[in-house]
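One structure below.
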Amino acid sequence: MTFTIYFLFDTTDRYYGPTNKGGLDIIKEFVRWFPTFYTDLVGVRTIGYGHACHTWDCTVPLNGKYPVPLTLAHGDALLQDDLSHPGRFEGCINNYVRYNLNATQFSALASLVFDIGCENFASSTLLQLLNDGDLPAASQEFGRWTYGSSGGGHASRRREAERALFCMGDAGGCGDHSCVGLVTGDGGGVVIRSTPDFNGGIVGSLSEGATVYIRGRTSGSTSFSWWFDVGSGFIPALNIRISMNNREPWCSSE
């Protein structure tokens, strides 16, 4: 009797880390940088980008190699050490996610897990949907993680930034295409309004040069005919320079 044995291989490459520049940039945008030790809002001694001494050994030199005060280069290296520590953030993703992630998906999740913790991520609906292969639904779950975040009032913007990065990859599959821009102006930045009109209430602000993750475009007042929906409100499209348009025809300030 002859047996034929078939070997089945998954030809889809999976990304296991490290966190790419997009993910690192989100963390560094929303986590305050301190080159020396300080006490955070909940009384935890912390340094660098959220290197908390109740979790990590803060013996100086940090990790046996980074003197205090930290240089920016050492702070970046310490952050990457924390992210890649076995079983913590990148390790948590690799331990629990069964879906074949690309680099942008992985890095968006790394920023999320760095903020909410592995235990919360492991029990999340986001993880369940992701492992089921339902990327559109999983991407919508980012916005639900604002109360368990350490980011305070910036949590909603951080979640939107992570979702945009998650959906940005060429295999993102989120059912939409991301539109990303940079705030321009005379140095004063731009305010975010509750409605696409200058009569709308001010609900926030963005500084010049800030990255904006745009969800849609709508018409507004006559002097500024287009407004961008940035999740937390609306800003005049003329105050934004588009830096990334992934095949979305409305992603333009004109």
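Position 170 (the sequence shown) corresponds to 179 in this note's numbering; numbering is contiguous. The beta carbon of each residue, even a glycine, is placed where N, CA and C say it ideally should be. Given the structure is predicted, the values throughout are model-derived calculations rather than measurements.
Check, Outcome
"Would you tell me roughly how many angstroms separate the C-alpha atoms of Gly190 and Met253, rounded to the nearest one?", "7 Å"
"Which of helix, strand or coil does DSSP assign to Leu79?", "coil"
"CB Tyr58 to CB Ile36, shorter than 8 Å?", "yes"
"Rounded to a whole number of angstroms, what is the C-alpha to C-alpha distance between Ala131 and Ser234?", "44 Å"
"Please go through the same chain and pick out, in chain order, the residues whose beta-carbon is closer than 7 Å to the beta-carbon of Asp179, but skip the five residues on each side of it.", "Low per-residue confidence applies at Asp179: pLDDT is 48, beneath 50, and the placement is therefore not dependable, though the value from the model is reported in the following sentence. Excluding positions up to five away in sequence, the list is empty."
"Mind checking Gly161: buried by the 16 CB within 10 Å criterion, or exposed?", "Per-residue confidence for Gly161 stands at a pLDDT of 49, beneath the threshold of 50, marking its modelled position as unreliable; no derived number is given."
"For Gly225, tell me which candidate among Gly218, Ile251, Cys101 has the shortest Cα-Cα distance.", "Ile251"
"Pick from Met177, Ser203, Ser216: whose alpha carbon is nearest that of Gly194?", "Ser216"
"Do you know whose CA, among Trp65, Glu99, Asn109, Val239, lies nearest Gly32's CA?", "Glu99"
"I need the DSSP call for Ala61, collapsed to helix, strand or coil.", "strand"
"So, is Gln137 buried or exposed, given that buried needs 16 or more other C-beta atoms within 10 angstroms?", "exposed"
"What separation, rounded to the nearest whole angstrom, lies between the Cα atoms of Ala246 and Glu263?", "8 Å"
"So what's Asp49 in DSSP terms, helix, strand or just coil?", "coil"
"My understanding is that Ser120 touches Glu169, with C-beta atoms under 8 Å, so please give their C-beta distance in whole angstroms.", "Actually they do not touch by this definition, with Cβ atoms about 12 Å apart."
"Please report the residue range of the beta strand (DSSP E) in which Arg226 lies.", "225-228"
"Which one of Ala146, Ala173, Leu87 has the shortest CA to CA distance from Pro70?", "Leu87"
"If you run the structure through DSSP and keep just helix, strand and coil, what is Gly100?", "helix"
"Taking only runs of the beta strand (DSSP E) that begin and end inside the stretch 84-138, which ones reach a length of at least 3 residues, in chain order?", "none"
"Cβ of Phe243 within 8 Å of Cβ of Ile201?", "yes"
"Go to Arg202, then tell me how far its alpha helix (DSSP H) extends in each direction, as first and last residue.", "First-last for Arg202: 199-202, but that is the beta strand (DSSP E), not the alpha helix (DSSP H)."
"Hey, could you find the ends of the alpha helix (DSSP H) Pro145 is sitting in?", "144-149"
"By Cβ distance below 7 Å, which residues in the same chain neighbour Thr155 in space, the five residues on each side in sequence not counted?", "Ala164, Ser165, Arg168"
"Phe151 and Leu135 look like a contact to me (Cβ under 8 Å); what is the Cβ gap, rounded to whole Å?", "7 Å"
"Using only the alpha-carbon positions, how far apart do Thr68 and Leu174 sit?", "35 Å"
"Output yes or no for whether 8 Å exceeds the beta carbon distance between Ile56 and Phe43.", "yes"
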